[in-house]
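Down below is the structure, laid out as structure tokens.
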Amino acid sequence: MKIALREARPVDYGFARQLFDVTMRDRIEAIIGWDEYRQDMSFARKFVLGEVRVITLRGKDVGWIQTRIEGSAMTLLQFYVVPELQGRGIGTLVLKRLTGDAKRRGKLMALSVLKGNPAIRLFLRHGFRPTHADAYEIYMRQAVKLPLRGMGPSMGMRRG
């Protein structure tokens, strides 16, 4: 599968907004109710062009992500794939690319996901673990394998 991430351009705002509506409207409506004006304002405030990349499949736009480096973490703020292509491995490929990028930068990956969102299973499969939750979202971090530390010659232990 030929997946690529390209930097977003101003013209991509409409695609991103429409995909957000298609994928999230029912979920948001069920939890807090959908207010079009409030959603427009919230989306415009959160969408930062320099943080957005568009997911392409064979040159066609099929999703988008938004990431931000914050301290020791790379935070995945937004992650959407067109509904007709969900469940076909696109999310997995993108997430592997992002986690590899974070690792190369020496960062942990962090994200939040709306409660009840099927994407939770994707994140769990890729080593993300819940850290806490609020009324609407579950916050997750990538589980980190710490280097083994313990007793040995470097810890002042003497042999024999």
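Per my numbering, the sequence shown starts with residue 46, numbered consecutively. Glycine is no exception: its CB is placed at the ideal position from the N, C-alpha and C atoms. Every value quoted in this text rests on a predicted model; they were computed, and no experiment measured them.
* Within 8 Å, strictly: CB atoms of Arg-174 and Ala-188 -> Result yes, Cβ atoms of Arg-174 and Ala-188 sit closer than 8 Å.
* To do: Could you name the residues that DSSP lists as bridge partners for Val-67?
  => When beta bridges are read from the DSSP output, Val-67 appears opposite no residue.
* Would you mind listing the beta strand (DSSP E) stretches within the segment 70-103 that are 3+ residues and don't spill past its ends, in chain order? => Within the segment 70-103, the beta strand (DSSP E) runs of at least 3 residues that lie entirely inside it are, in chain order, 97-102.
* Cα-Cα, which of Thr-68, Leu-140, Thr-120, Tyr-181 is closest to Leu-153? -> Closest option to Leu-153, Cα to Cα, is Thr-120.
* Asked: Gly-136 lies in the alpha helix (DSSP H); which residues open and close that run?
  -> Gly-136 -> alpha helix (DSSP H) spans 135-149.
* List the residues that DSSP assigns as beta-bridge partners of Pro-175. => Beta-bridge pairing links Pro-175 to Met-185.
* Kindly indicate which three-state DSSP category Arg-170 falls into: helix, strand or coil? => If DSSP states are grouped into helix, strand and coil, Arg-170 belongs with the helices.
* **Limits of the unbroken beta strand (DSSP E) element including Glu-115** => Glu-115 -> beta strand (DSSP E) spans 105-115.
* To do: Return the residue from the list Lys-47, Asp-71, Gln-63, Gly-116 that minimises the CA-CA distance to Leu-159.
  => Ranking the options by Cα distance to Leu-159, first place goes to Asp-71.
* Asked: Whose C-alpha, out of Leu-102, Met-185, Ala-180, Asp-66, is nearest the C-alpha of Leu-122?
  -> Of Leu-102, Met-185, Ala-180, Asp-66, the residue nearest in Cα terms is Met-185.
* To do: Go ahead and pull the three-state DSSP assignment for Arg-51.
  => Arg-51 carries a strand assignment under DSSP once its states are collapsed to helix, strand and coil.
* **Reduced DSSP secondary structure (H/G/I, E/B, other) of Ala-61** => Three-state result, Ala-61: helix.
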